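Structure, as structure tokens:
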Amino acid sequence: MKNKKIYEDLSSILRKTKNIHISVHIVFVVLVLFFWKIQILDHQKYWEKSEANRIREIILPPQRGLIRDRNGKILAKNVASFKASIIRENCKNFEESCQKIASLLNLEIDVLKERIDKYKSLPRFRPIVIKDNLTLKEDVARIESRQLELPELVIQAEPKRFYPYGTLAAHVIGYLQELSQREIEADEHKERRQGDQVGKTGIEKEYEAQLVGTEGQLIEIVDSLGRSKGEISRREPVPGQDVWLTLDFDLQKKAEELLEGKEGVIVVLDARTGEILTLASYPNFDPNKFINRFTPKEWLDLVNSPKFPLENRAIRGLYSPGSIFKPTLALGALDSSIITDKTRFFCSGSIKIYGHPFSCWFKPGHGAVNLYEAIQHSCNIYFYQLGKKMGIVEIARYAKLLAFGSKTGIDLPGEKEGLVPDPIWKRRVKNAPWYPGETISVSIGQGPILVTPLQVATHTAIIANKGSRITPHLFKGKTHFPKGREWQSHPGERNPLKIKNSSYEKVIRGMWKAVNEQGTGRAARIEGFNVCGKTGSTQLISTKGAEKLAQEKIEIKTHSWFTGFAPRENPKVIVTVLVEYGGMGGVTAAPLARDLFSLYRKKYDR
Amino acid sequence: MQEIYLAYTEKNMIDRNQIRNIDWILIGLLLLNSVIGIAIIYSCSYYLPGNYYLKQIFWIFLSLVALFIFISIDYNILVTYSFYLYIVFIALLAGILFFGKLTAGAKSWIKLPFFQIQPSELAKIVVILLLAHVFSEYRRNHLSWWTGFSSVAIIFLPVLLVALQPDLGTALTYIPILIASLILVGLKRRTLIFLLIFSLFLSVVGWNFFLKDYQKQRLTTLISPNKEPLGSGYHVIQSKIAIGSGGLLGKGYKKGTQSQLRFLPARHTDFIFSVIGEEFGFIGVIFSLFCYFLFLSRLFQSAIKSRDRAGVYIVFMVAMMICCQFFINVLMTIGLFPVTGVPLPLLSYGGSSLLTNYLAVALVLNVKMRRFVNV
Numbered sequence: 001m002k003n004k005k006i007y008e009d010l011s012s013i014l015r016k017t018k019n020i021h022i023s024v025h026i027v028f029v030v031l032v033l034f035f036w037k038i039q040i041l042d043h044q045k046y047w048e049k050s051e052a053n054r055i056r057e058i059i060l061p062p063q064r065g066l067i068r069d070r071n072g073k074i075l076a077k078n079v080a081s082f083k084a085s086i087i088r089e090n091c092k093n094f095e096e097s098c099q100k101i102a103s104l105l106n107l108e109i110d111v112l113k114e115r116i117d118k119y120k121s122l123p124r125f126r127p128i129v130i131k132d133n134l135t136l137k138e139d140v141a142r143i144e145s146r147q148l149e150l151p152e153l154v155i156q157a158e159p160k161r162f163y164p165y166g167t168l169a170a171h172v173i174g175y176l177q178e179l180s181q182r183e184i185e186a187d188e189h190k191e192r193r194q195g196d197q198v199g200k201t202g203i204e205k206e207y208e209a210q211l212v213g214t215e216g217q218l219i220e221i222v223d224s225l226g227r228s229k230g231e232i233s234r235r236e237p238v239p240g241q242d243v244w245l246t247l248d249f250d251l252q253k254k255a256e257e258l259l260e261g262k263e264g265v266i267v268v269l270d271a272r273t274g275e276i277l278t279l280a281s282y283p284n285f286d287p288n289k290f291i292n293r294f295t296p297k298e299w300l301d302l303v304n305s306p307k308f309p310l311e312n313r314a315i316r317g318l319y320s321p322g323s324i325f326k327p328t329l330a331l332g333a334l335d336s337s338i339i340t341d342k343t344r345f346f347c348s349g350s351i352k353i354y355g356h357p358f359s360c361w362f363k364p365g366h367g368a369v370n371l372y373e374a375i376q377h378s379c380n381i382y383f384y385q386l387g388k389k390m391g392i393v394e395i396a397r398y399a400k401l402l403a404f405g406s407k408t409g410i411d412l413p414g415e416k417e418g419l420v421p422d423p424i425w426k427r428r429v430k431n432a433p434w435y436p437g438e439t440i441s442v443s444i445g446q447g448p449i450l451v452t453p454l455q456v457a458t459h460t461a462i463i464a465n466k467g468s469r470i471t472p473h474l475f476k477g478k479t480h481f482p483k484g485r486e487w488q489s490h491p492g493e494r495n496p497l498k499i500k501n502s503s504y505e506k507v508i509r510g511m512w513k514a515v516n517e518q519g520t521g522r523a524a525r526i527e528g529f530n531v532c533g534k535t536g537s538t539q540l541i542s543t544k545g546a547e548k549l550a551q552e553k554i555e556i557k558t559h560s561w562f563t564g565f566a567p568r569e570n571p572k573v574i575v576t577v578l579v580e581y582g583g584m585g586g587v588t589a590a591p592l593a594r595d596l597f598s599l600y601r602k603k604y605d606r
Numbered sequence: 001m002q003e004i005y006l007a008y009t010e011k012n013m014i015d016r017n018q019i020r021n022i023d024w025i026l027i028g029l030l031l032l033n034s035v036i037g038i039a040i041i042y043s044c045s046y047y048l049p050g051n052y053y054l055k056q057i058f059w060i061f062l063s064l065v066a067l068f069i070f071i072s073i074d075y076n077i078l079v080t081y082s083f084y085l086y087i088v089f090i091a092l093l094a095g096i097l098f099f100g101k102l103t104a105g106a107k108s109w110i111k112l113p114f115f116q117i118q119p120s121e122l123a124k125i126v127v128i129l130l131l132a133h134v135f136s137e138y139r140r141n142h143l144s145w146w147t148g149f150s151s152v153a154i155i156f157l158p159v160l161l162v163a164l165q166p167d168l169g170t171a172l173t174y175i176p177i178l179i180a181s182l183i184l185v186g187l188k189r190r191t192l193i194f195l196l197i198f199s200l201f202l203s204v205v206g207w208n209f210f211l212k213d214y215q216k217q218r219l220t221t222l223i224s225p226n227k228e229p230l231g232s233g234y235h236v237i238q239s240k241i242a243i244g245s246g247g248l249l250g251k252g253y254k255k256g257t258q259s260q261l262r263f264l265p266a267r268h269t270d271f272i273f274s275v276i277g278e279e280f281g282f283i284g285v286i287f288s289l290f291c292y293f294l295f296l297s298r299l300f301q302s303a304i305k306s307r308d309r310a311g312v313y314i315v316f317m318v319a320m321m322i323c324c325q326f327f328i329n330v331l332m333t334i335g336l337f338p339v340t341g342v343p344l345p346l347l348s349y350g351g352s353s354l355l356t357n358y359l360a361v362a363l364v365l366n367v368k369m370r371r372f373v374n375v
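Line order of the protein sequences matches chains A and B.
For the first sequence, position 417 matches number 417 in the numbering used here, and the numbering has no gaps at all.
For the second sequence, position 95 matches number 95 in the numbering used here, and the numbering has no gaps at all.
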């Protein structure tokens, strides 16, 4: 048996082992080739991937610049907002922690789970926001007291825009909203990313570039669970510049108080520079709500509200000027020597022109009135005659010269132009000839003519300044970090119109009388401040006109206007008031103007 | 019986010739690769609690002692009693299945006072011995139905028990042993190629046309029980990034970002080769492949030094077992083989696997040192 083993022939199976051994050589060579491909040929690709793996870029958001009124009062600032997030990785028992968290934060467990489910594709170490705008005292304190028990629940702070006075000057300040993917694709905000808050209207939008600042960047090393293992580089964010507005907090506040419960506008301008002291539009809205993640219902309520609270009526509301258009006409007529201050027309309460009856608002009639009395008592008949003599082309020319029909140039987005009608416009837009009767309507500010309250204020400033036009503006200056405050100089575009100084003086005299000598604007009178002004009520003049207006879907109810300035010599301040459906201008609008004149006087004119 | 008695008495009298014939070079290569393993394990786990590298060193000493004890017993005695050993291990595997505790998703451990051990690894040694026993007297040039069936059955029983644990990765490592024995017994090359192509075809067709997505998902998670947290393929992606980013020279010892920052999963066990690729680069890969190649070549060459058929079978099966496991693991790290939880023999952290491989090498040494016995 031993011998048999010794002489056993193993050569055939040994050959097989040898063959396999040789194949193993080949496999090793192939392996080397594979590694050559991955490590040498594709090295760059994998190197980049490994760098991307371990490096995390964190954006350090800059503080958005503050918005202040002319005296430094802060109208928009940033506060820390707290949000609660869950880190699933830290959950000992997911179900259990969901229940605990839901009861801690007063959330419904299904809602909570649904929200977490929405983000389940995120890595487990990433926090998922489950509630934001936590109250500092209640929620935050409550969560922190149970931090040891619930390590999966974390609180993060982020800067949030806050408007301390809520609705105050909301239309001027505007609001922020999250940038949507669509807007990024539209290339409006190239350097921004989804979820960034950007100004949507108002100053927040107009001065976005100044306010936004430059974001910083932090590059750090992280491990596979996202834990930071140290910083590589850090660039601090540059805070945005503070924007100082020309607004006066007290006047703005007063104006909004006066408008409460109404729909209307109050504009207060510095007559010399065009600085806007007040730009109140009512009803208004709370811009804080746009940041506090709107519920869809609240949002739709605001957008669809029949009173359009989001509209800035001061620059976007289009109204018939009514009687406040009369000084325009008077200036035109005086300047083109159609009348003198002595020319009189007789007012019997109504008049028939071109076969149509036109009436004065004062049914008994004003009798024979000259220019001063016509402005003082706002006599319609006088201005019908004036308009008839001037013709629509001249009326339109002077209206355009005196700030109507074009944008005032205010530094707010979305301003409207208004409309000064003439035969060319009628032909182009309505494809119809101009009817002489329409000229009569336009001459008392009715008919197709449309103006914005800010245009009326600008127009009033031209009269007050006897021809020099100013551009109304809100931007006073900015705090240029770190250089300090920089005022923007406004030389007040002294660009005198070619209308005689004496014509202005005559119209101003009429406006002075309207307020101070028992005229229609007497409710605006302030002893010793020499307020000059003109009231207006956009009333209906004929049934035919009413039908026509109704067809064109223009608001047919009576709006209440007052526009004026003070003092008579060296005017300082312009006040324009509009109250929708307010009735007679002298009754509703003029007293509001008076309150503002008197507050202005108390504060600035001592 | 007399023969067994003779062999037994020989065991008790290890003569100088036998000691002289111990293949010290093979032991040296074995230790060289183990030391490489320790260095890499240290690099990717020194910052973790658990002192993995110290445990690995302990296991290497233990395995070395076991190796020297093992070579003192004539392999022919082991082969003769292999059937009883086989029965014992099958009983153990079955016992674990019924009484074992679940650890990391599988019942594969026996807990001993100071350490735990996987009988599924050690059972491979017994299977090798039993197959050698079956084929040692088999001299025909082609496979008979009965031998074919019994060899398949010998493998199938432990594979089934291990797969049920469920530990498909370890079960898979039994297959090369069977293939090795079938190659030697004379499976015609044509048949072998046919079988390979057929099974490949079957799996490709099955995967693409008959399995639904969730079934595939189940299969992949069955195959790799250490479930990946970030979707399937995460292991492979991170492993390829680690290897590729190493480049020519590597990122340096203990400086691999993929492993140090824990992007690479199972880095001290199944994906230890990726750490070599990342920290030592292409040069390091070539070096460690070369060390391993020397070791495997030495194993394969040992077949000639066998005095009988059983010896050739043992040497070849051991070589194939380690070799295939090595290839599967390395191909897995570069994404050319599914992630199956097969450790890299000698290098990966893990006592049972290390002990098994040392005992397997001990068998080869055993065969070599007794080549001149009875001459």
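Glycine is no exception: its CB is placed at the ideal position from the N, C-alpha and C atoms.
These figures come from a predicted structure and were not determined experimentally.
Cβ neighbours of residue i in the same chain (closer than 6 Å, five flanking residues each side left out)
i, result
"valine 361 of chain B", "Leu30"
"tyrosine 53 of chain B", "Ile38, Ile41 and Tyr42"
"proline 423 of chain A", "Trp434"
"serine 598 of chain A", "Ile526"
"valine 579 of chain A", "Lys262, Gly264, Ser560, Thr588 and Ala589"
DSSP three-state assignment for residue i, whether helix, strand or coil
i, result
"lysine 534 of chain A", "strand"
"glycine 95 of chain B", "helix"
"lysine 476 of chain A", "strand"
"proline 347 of chain A", "Checking the sequence shown, residue 347 of chain A turns out to be cysteine, not proline. Cysteine 347 of chain A falls in the strand class under three-state DSSP."
"glutamine 376 of chain A", "helix"
"isoleucine 87 of chain A", "coil"
"glycine 264 of chain A", "strand"
"glutamine 488 of chain A", "coil"
"glutamate 220 of chain A", "strand"
"alanine 76 of chain A", "strand"
"glutamate 137 of chain B", "coil"
Residue i classed as buried or exposed, judged by whether at least 16 other C-beta atoms fall within 10 angstroms
i, result
"lysine 430 of chain A", "exposed"
"tyrosine 382 of chain A", "buried"
"valine 434 of chain A", "First, the residue type needs correcting, since residue 434 of chain A is tryptophan and not valine in the sequence shown. Burial call: buried."
"lysine 92 of chain A", "exposed"
"isoleucine 376 of chain B", "This structure does not reach residue 376 of chain B, given that chain B is present from 1 up to 375, and the question cannot be answered."
"aspartate 110 of chain A", "exposed"
Same chain only: Cβ atoms within 8 Å of residue i, ignoring 5 sequence neighbours per side
i, result
"leucine 97 of chain B", "Lys107, Leu161, Leu164 and Gln165"
From the options, residue whose alpha carbon lies closest to that of residue i
i, options, result
"threonine 538 of chain A", "A/Gly445, A/His473, A/Val29 and A/Ala514", "A/Gly445"
"tryptophan 36 of chain A", "B/Ser245, B/Phe149 and B/Val342", "B/Ser245"
"serine 72 of chain B", "B/Val35, B/Phe316 and B/Asn21", "B/Asn21"
"proline 453 of chain A", "A/Glu527, A/Ser502, A/Leu279 and A/Ile67", "A/Leu279"
"arginine 200 of chain A", "A/Val172, A/Gly213, A/Asp223 and A/Ile395", "Here residue 200 of chain A is lysine; the residue named in the question, arginine, does not match the sequence. Selected option, being the one with the closest Cα: A/Val172."
"isoleucine 55 of chain A", "A/Leu105, A/Lys118, A/Ile232 and A/Gly213", "A/Ile232"
"isoleucine 90 of chain B", "B/Ser151, B/Thr340, B/Val159 and B/Trp109", "B/Val159"
"alanine 464 of chain A", "A/Lys478, A/Gln197, A/Thr273 and A/Glu220", "A/Thr273"
Contact set for residue i: own chain, Cβ-Cβ below 7 Å, skip 5 residues either direction
i, result
"phenylalanine 337 of chain B", "Ile328 and Leu331"
"histidine 480 of chain A", "Gln241 and Glu486"
"valine 456 of chain A", "Pro321, Ile324, Thr563 and Thr576"
Residue(s) in a DSSP beta bridge with residue i
i, result
"tyrosine 282 of chain A", "A/Gly264"
"tyrosine 163 of chain A", "For tyrosine 163 of chain A, which the question treats as bridged, DSSP gives no partner whatsoever."
"histidine 356 of chain A", "A/Ile353"
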